[in-house]
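K.L.:
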Amino acid sequence: QMCIRDSHDIGQGDNEWTHPPILVELMAKAKARGLWNMFLPVDSARAAGAAGGSLGYGLTNRQYAEICEILGTCVPAEYASQATNCTSPDTGNMEVLARYATDEQRRKWLVPLLEGKIRSAFAMTEPAVASSDATNISISIVRDEATKEYVINGRKWWITGAGSLHCKIFILMGKTNPEAPLHAQQSQILVPADTPGIVLLRPMQAFGDLDAPKGHMEILFDDCRVPFENVLLGEGRGFEISQGRLGPGRIHHCMRAIGQAERSLSLMCKRVHNRKAFGKKLAKFDPILQDVAKSRCEIENCRFLVCHAAELMDLHGNSDPKTRQMLSLVKAHVPVTVQAICDRCIQAHGAMGISQDTPLFHTFAGARALRLADGPDEVHWRTAARIEMHLQKESPLSQIGHYQHDYSKVFRRSTDVLSKAAQDRVKNFEQFGKL
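This note's numbering applies: residue 1471 is where the sequence shown begins, and numbers increase by one.
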């Protein structure tokens, strides 16, 4: 509650947003106890070399899933994650830098992010195009050969983390070559937050909340210039990087969402056990009991999907088709399911459920927003279905197919001679019609 109150006050104050004091205090305590960078999987730490190896935690995605769920029981959902340097968008950005950055880029940006000294933002979504299709991203990135610089012009919005003064680096996705093949037109560029030409136009409100101090900003990039060496992996590789980034980002949100669902269900059970209506406790009503059981079943289902996806990431990597499919299923299924669970819990609380006296409103709003973050539900269902159609072609079951009917054997022909018994039955029925 202190964090929520402080964050609200920051949002209602001036435009110089920084971490609330309670968060800074918790970050220091967490770091001192070694509860730091637990999100960074062993393969990403290995790819980062010395930087990741010295500052990573050494867990697999599957191991981190259980920790992330516990972190998610806090409200706001990423409060504990921020305190342990395991929050978005930094986690996804750090994995991008670990996997795709040069040694110099890692030294300059990854190390201070892993140390918790700075924060970052991922500038992808644009107001003018459907940004859930990454090939639509069209902010202009033009080469200036005379100065060896990229010149960036265009607008982004819903850029999480950009409102904070602690944000020192953007990973920006934009179009470097409109004439290239569809999936090779975009690149990802490192843009320091103090680059001239960056204008934070306004913080976007999510359900009326500014989500200060990180915020979700609409930003104008007006003739921003960065050197050629700020490109990640090379020109035309932006789509490829995005696909690698979205795996961990999506699953971490869903891990935390399960923690949110557990906390909501706990509140519901406590409420219905203590509350009476129409002569008996709410826990004695069958519809309430059914809601409790259904919620437990759905939480366990979500947890299984998340853990299975994490295991596939560990075993086969993020680009494996089955891993990609499971990640899409997790992202499509978990947020909407947690939203439904929270809705039941709100209903069991009555008006209290939408008040400031419970965290249920924050959980509900967070789950609803998560159904749009990293792309809408429909995109993830579509991705999962397309992969399924491809995998089914390779399935041994596809060779079995449908039953084949022998059409040489027919039921009856119009020229068949009827038996005497059948003729009598037909004749008797026709006589009935004359009565």
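Where a beta carbon is used, it is the ideal one built from N, C-alpha and C, also for glycine.
Answer yes or no: do Thr1554 and Ala1604 have a C-beta to C-beta separation smaller than 8 Å?
P.N.:
no
K.L.:
Could you give the residue range of the beta strand (DSSP E) that holds Ile1639?
P.N.:
Cys1637 to Lys1645
K.L.:
Please look up how many angstroms separate the CB atoms of His1686 and Thr1630, rounded, as I've assumed it's under 8 Å.
P.N.:
5 Å
K.L.:
Report the three-state DSSP secondary structure of Glu1768 (helix, strand or coil).
P.N.:
helix
K.L.:
What residues match up with Val1669 in a beta bridge as DSSP calls it?
P.N.:
In the DSSP output, where bridge partners are listed per residue, Val1669 has Leu1690.
K.L.:
Pull up the distance between the alpha-carbon of Cys1812 and that of Ala1682, whole angstroms please.
P.N.:
Distance between the alpha carbons of Cys1812 and Ala1682 is about 24 Å.
K.L.:
Decide if Cys1556 is buried, meaning its Cβ has at least 16 other Cβ atoms within 10 Å, or exposed.
P.N.:
buried
K.L.:
Looking at Ile1659 and Ile1607, is the spacing between their C-beta atoms short of 8 Å?
P.N.:
no
K.L.:
Name the DSSP bridge partner or partners of Val1701?
P.N.:
DSSP lists Ile1659 as the bridge partner or partners of Val1701.
K.L.:
CB-CB under 8 Å to Leu1861, same chain, minus the five flanking residues each way: which ones, in chain order?
P.N.:
Non-local C-beta neighbours of Leu1861 in its own chain, meaning closer than 8 Å and more than five positions away in sequence, comprise Pro1791, Lys1792 and Gln1795, ordered along the chain.
K.L.:
With a floor of 4 residues, list each alpha helix (DSSP H) that falls wholly inside the stretch 1491–1517, ordered by position along the chain.
P.N.:
1491–1502
K.L.:
Give every residue of the same chain whose Cβ lies closer than 7 Å to the Cβ of Trp1851, excluding the five residues on either side of it in the sequence, and list them in chain order.
P.N.:
Ala1802
K.L.:
Quick one, which of Leu1680, Pro1666 and Thr1665 has its alpha-carbon nearest Arg1672's?
P.N.:
Leu1680
K.L.:
What residue ranges within the stretch 1543–1624 form continuous alpha helix (DSSP H) runs of no fewer than 4 residues, ordered along the chain?
P.N.:
1549–1553, 1560–1570 and 1581–1585
K.L.:
If you run the structure through DSSP and keep just helix, strand and coil, what is Ala1779?
P.N.:
Ala1779: helix per DSSP, three-state reduction.
K.L.:
When burial is assigned at 16 or more other CB atoms within 10 Å of the CB, is Lys1626 buried or exposed?
P.N.:
Lys1626 should be labelled buried.
K.L.:
State the Cα-Cα distance for the pair Gln1533 and Met1725, rounded to the nearest angstrom.
P.N.:
11 Å
K.L.:
With the cut-off set at 8 Å, would you say Pro1546 and His1819 are in Cβ contact?
P.N.:
no
K.L.:
If you draw a straight line from the C-alpha of Leu1775 to the C-alpha of Ile1728, how long is it?
P.N.:
11 Å
K.L.:
Can you tell me where the alpha helix (DSSP H) holding Glu1848 begins and where it ends?
P.N.:
Taken as a continuous stretch (DSSP letters only), the alpha helix (DSSP H) holding Glu1848 covers Asp1847 to Glu1864.
K.L.:
Check whether the Cβ atoms of Phe1509 and Thr1561 sit closer than 8 Å, and answer yes or no.
P.N.:
Cβ atoms of Phe1509 and Thr1561: closer than 8 Å.
K.L.:
Evaluate Gln1760 with the Cβ neighbour count: other Cβ atoms within 10 Å of its Cβ, from every protein chain shown; 16 or more gives buried, anything less gives exposed.
P.N.:
exposed
K.L.:
Below 8 Å between beta carbons: does that hold for Val1505 and Cys1473?
P.N.:
The sequence given here has Leu at residue 1505, not Val. No, the Cβ-Cβ distance between Leu1505 and Cys1473 is not below 8 Å.
K.L.:
On the three-state DSSP scale, how would you describe Asp1679?
P.N.:
strand
K.L.:
For Glu1705, tell me which candidate among Arg1613, Cys1544 and Arg1475 has the shortest Cα-Cα distance.
P.N.:
Arg1613
K.L.:
Kindly indicate which three-state DSSP category Ala1731 falls into: helix, strand or coil?
P.N.:
helix
K.L.:
Ordered along the chain, which non-local residues of its own chain (more than five positions away) have a Cβ less than 8 Å from that of Ile1537?
P.N.:
Excluding positions up to five away in sequence, the list reads Met1508 and Leu1529.
K.L.:
Can you tell me the Cα-Cα spacing of Ser1712 and Ser1878, whole angstroms?
P.N.:
57 Å
K.L.:
Out of Ala1535, Tyr1570, Glu1539 and Leu1690, which one is the CA nearest neighbour of Ala1517?
P.N.:
Tyr1570
K.L.:
Looking only at its chain, what residues have a beta carbon closer than 6 Å to the beta carbon of Phe1709, apart from the 5 residues adjacent to it on each side?
P.N.:
Ala1604, His1653 and Gln1656
K.L.:
On the DSSP letters alone, give me the boundaries of the alpha helix (DSSP H) that Lys1792 sits inside.
P.N.:
Pro1791 to His1819
K.L.:
Hey, out of His1636, Arg1838 and Lys1750, whose CA is closest to Leu1583's CA?
P.N.:
When each option's Cα is compared against that of Leu1583, the closest is His1636.
K.L.:
Kindly list the residues whose CB is nearer than 8 Å to the CB of Arg1766, restricted to its own chain and excluding five residues on each side of it in sequence; keep chain order.
P.N.:
Around Arg1766: Leu1735.
K.L.:
Identify, in the order they occur along the chain, each residue of the same chain with its Cβ nearer than 7 Å to the Cβ of Gly1667, setting aside the five sequence neighbours on each side.
P.N.:
Phe1691, Asp1692, Asp1693 and Cys1694
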